[in-house]
Structures are given as structure tokens and as C-alpha cells.
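For the sequence shown, counting from 1, position 27 maps to 27 in this note's numbering; every step adds exactly one.
Backbone N, C-alpha and C define an ideal beta-carbon position, used for all residues, glycine too.
Presented below is the structure to which this report refers.
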Amino acid sequence: MAFDPTVKKQIADYVGAHVADEAWHVSHFDFIRDVSLAKRLGEEFISTRYIYKILEGLEAQDWLLRSQIRLQVLSYASIYEAVLHHILFDTLATEPPVIALTEFPMKKQISIPSVSLSMLEKHLEHDGKKIVPTYEAVGKTDESKVRFDRKAECAETLGLVEPWLKEELIEFYEARNAIHIHAEIRKSLNYQLDLSKRAYWRMQPFKDQIVAALATRAA
């Protein structure tokens, strides 16, 4: 059952007095070349702020406060990950440190003609085990499988984020992946609350550092 129109208006007025509109939140990601991604990130940003303000207005405590914290960490960590992924694999895709993210050393088997192989067979055995001729090669993995901590470290290497911010981004993302009841019980509510606040507060320096770095590269 929906709230009474008067109640809905009171809530909307309260949130609107503290949260900028959708256009502002979308424009926050104007450094993202993919327009649809920028819009989606803006929507994620304002929805996270909107729900936070509603729960703050309710003076959320105990289990509801934990839910508020969980939402903040999940949402902001996802935004950070999406931005870094786009900047690295779209904007700076040809940079050697970015290319290295999806490469790994591997061995490939050498195809030897059967005639030559028969001559080598007596040499292709050691300690009762067959030796398979190989050569050193470079394998490729899908960019979606690259861990967040490696993306953050790459971003630092490229000068996109400062070391202190990289460490916090990794902390946010690790918290996002580790959110479950047992982990929450082990960590104090004060720590979790501080984490969620920092996840929001770092949005501006995150943008500022990336924009500054990209501008320097374009100059």
C-alpha cells in the first residue's frame, strides 16, 4: 500500500532539500565517454543518495542502520569499479600497463612432424616421464575477469589516482565482496558506518584525480 500523497510529498521535499537533482548526478560523470554508462552511473549515484537520506530521516538504528550501510558500500564500490573499468579498458586501452592486465605467461605445445618426432622420442623422456616440447607464450584473459585490486593498482601506476585513494578503493571493494552476516558480526558498527561515509566522501576526489590525470595526458 502506497504512502498517502501528503506523506510522499513530505519525503520528496525532505530529500530534495539535501540531494541534488538527477541532472547534477549524471553530469558528475561527464568525463565518461560512454553516454549510456555515464547516465547509468548518475542514476546509481542519486538513487543511493536518495535512499540514504530517507533512512537518515528515519534515524535508522540497529538492523535498519546496518542495511543503510550495506547499501552505501555496495553501491559506491560498484560505481568505482565501473568507472575504473571504463577508463582503463576503453579510454586507456592501448597503455602497456592496461594491456598487461589481461596477459599472463603460458607454455604452448610445439607441433613436430611425426618423422622428426620419432627421431626425438628417445630424448623426450626424463625419469620415466614423457617430455612435451613447448615454448614460452603469452595468454589472454577476458577483461571482465581482472580483479579490482589489480585495476586499482594499474590506475595508480598510470597516475589516475593517488596511492592513498587506491588503498581506500580496494578497501571499499573488498568490503563489498565480503558483506555477509558473519563478517558484519565480527566488525563493529562504528567501523562499518565510517566505511560507508568514506565511500561517499571519496566520490569527489576520485573524480577530481581522474579528470586531472586525463587532462594532463591530453595536453
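Residue closest to LEU41, alpha-carbon to alpha-carbon, out of VAL15, LEU58, ARG147 and TYR76
Within the sequence shown, residue 41 is the residue found at index 41, counting from 1. Closest by alpha carbon: TYR76.
Reduced DSSP category for GLU56 - H, G, I as helix; E, B as strand; rest coil
Position 56 of the sequence shown holds residue 56. Helix, per DSSP.
Any contact between the region 27-47 and the region 5-16? By contact I mean 3 or more CB pairs, one from each, below 8 Å.
no
Among GLU103, PHE172 and ASN177, which residue has its Cα nearest to the Cα of ASP142?
Here residue 142 corresponds to residue number 142 of the sequence shown, with the count starting at 1. Minimum Cα distance to ASP142 is reached at GLU103.
Nearest residue (CA-CA) to TYR173, options ALA199, ASP30 and GLU162
Residue 173 sits at position 173 when you count from the first residue of the sequence shown. Comparing Cα-Cα distances from TYR173 to each of ALA199, ASP30 and GLU162, the minimum goes to ALA199.
In the DSSP output, which residue or residues are listed as bridge partners for GLU103?
By 1-based counting over the sequence shown, the position of residue 103 is 103. LYS140.
Using the Cβ count rule (16 or more neighbours within 10 Å means buried), how would you classify LEU216?
Taking the first residue of the sequence shown as 1, we reach residue 216 at position 216. According to the sequence as given, residue 216 is Thr; it is not Leu. THR216 is exposed by the Cβ-count criterion.
At the level of alpha carbons, what is the spacing between TRP24 and ILE46?
Here residue 24 refers to the residue found at position 24 of the sequence shown. Here residue 46 refers to the residue found at position 46 of the sequence shown. Using only the alpha carbons, I get a separation of about 9 Å.
How big is the Cα-Cα spacing for ASP208 and MET1?
For the purposes of this step, residue 208 is identified with residue 208 of the sequence shown, where counting begins at 1. For the purposes of this step, residue 1 is identified with residue 1 of the sequence shown, where counting begins at 1. The alpha-carbon atoms of ASP208 and MET1 are separated by roughly 43 Å.
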